[in-house]
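To start, the structure itself, in structure tokens.
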Amino acid sequence: MAKSEAPIFRQLFESESCTYTYLLADKITKEAVIIDPVLETLDRDVKLVQELGLNLKVAVNTHCHADHITSTGLMKKKIQGLKSAISKHSGASADIQLSEGDDITFGKHRLTVRETPGHTNGCVTLVLGDGSMAFTGDALLIRGCGRTDFQQGSARKLYHSIHQKVFKLPEDCLLYPAHDYKGQTVSTVGEERKYNPRLTKSLEEFVNIMDNLNLPNPKKIDIAVPANLVCGLHDL
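All letters in the sequence shown, in the order written, are residues 1 to 236 by full-length UniProt numbering.
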């Protein structure tokens, strides 16, 4: 895709949960999509949409998050016509229930859904139509991956998801995760296939690593999961 044809793209950060939110828009029609918006940064994100003159069509979550509350429910109250989206396997309510191969379109661009369960049953990776970038949620992180020790987690499922759905994308496809805790912002398929310390291992080695992380639960898991099942509007 020529540079002039590439979508408007913004990578936004929420510091408490180290979450990345992504905003993509068609330069001509101004139709836009936002990925993994966070409650704490709702006003910032809505203001940016307004400043850029965008018509935000869809707010999509890559999965039902355990470490922060989504802002999709409240964002719909602030932006007329906005629809929420999440995987049909997430157990969460949303206007659009996503399945493998579904497209989220904005202007002449599209994000295609690849189901990548393992961190949760409802994890998806969203791939830009030309294969130049993909948004991996918590499935694949930069030199890491999502946890598999709660919320229907399965190390075996995650290993297969990444190898079959993400690592088969073009080598130079830019990978944008839902989180990073070290200040890294982007990777590529080629880099992660070569250098990811977990996913360069065999399946059995990977399962052993994931079964022995012994990490504490996310601080907000008890409030975030129930809230995110209802678009972040639980008890607000």
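Note that beta-carbon positions come from the ideal geometry of N, C-alpha and C, so glycine has one too.
All values derive from a computational prediction rather than experimental measurement.
| Check | Outcome |
| --- | --- |
| Whole-angstrom distance between residue 193 and residue 168, CA atom to CA atom | 10 Å |
| For residue 30, three-class secondary structure by DSSP | coil |
| Contact set for residue 98: own chain, Cβ-Cβ below 7 Å, skip 5 residues either direction | 85, 86, 87, 88, 113, 124 |
| Residue burial classification, residue 15 (beta-carbon count within 10 angstroms, cutoff 16) | exposed |
| Inter-residue Cα distance where the pair is residue 3 and residue 166 | Low confidence applies here, because residue 3 scores a pLDDT of 48, under 50, leaving its location unreliable; read the following figure in that light. Their Cα atoms are separated by approximately 24 Å. |
| 7 Å Cβ cutoff met for residue 139 and residue 161 | yes |
| DSSP-derived helix/strand/coil call for residue 226 | helix |
| Minimum C-alpha distance to residue 204 - residue among 195, 158, 222, 215 | 158 |
| Three-way DSSP call (helix, strand, coil) for residue 190 in this model | helix |
| Same chain, Cβ closer than 8 Å to residue 79, neighbours up to 5 away in sequence not counted | 46, 49, 56 |
| C-beta atoms of residue 34 and residue 59 nearer than 7 Å | yes |
| Residue 71 and residue 52 closer than 7 Å at C-beta | no |
| One or two residues paired with residue 245 in a DSSP bridge | Shown here, the chain extends from 1 to 236; a query on residue 245 therefore has no answer. |
| For residue 3, three-class secondary structure by DSSP | Note that residue 3 scores a pLDDT of 48, beneath 50, so its modelled location is shaky and nothing firm can be said. |
| Of the residues 207, 127, 27, the one placed nearest residue 54, counting alpha carbons only | 27 |
| When 83, 94, 10, 198 are compared against residue 163, the one with the closest alpha-carbon | 198 |
| Cβ-based neighbour list, residue 232, same chain, cut-off 7 Å, excluding 5 preceding and 5 following | 39, 69, 70, 71, 72, 73, 74 |
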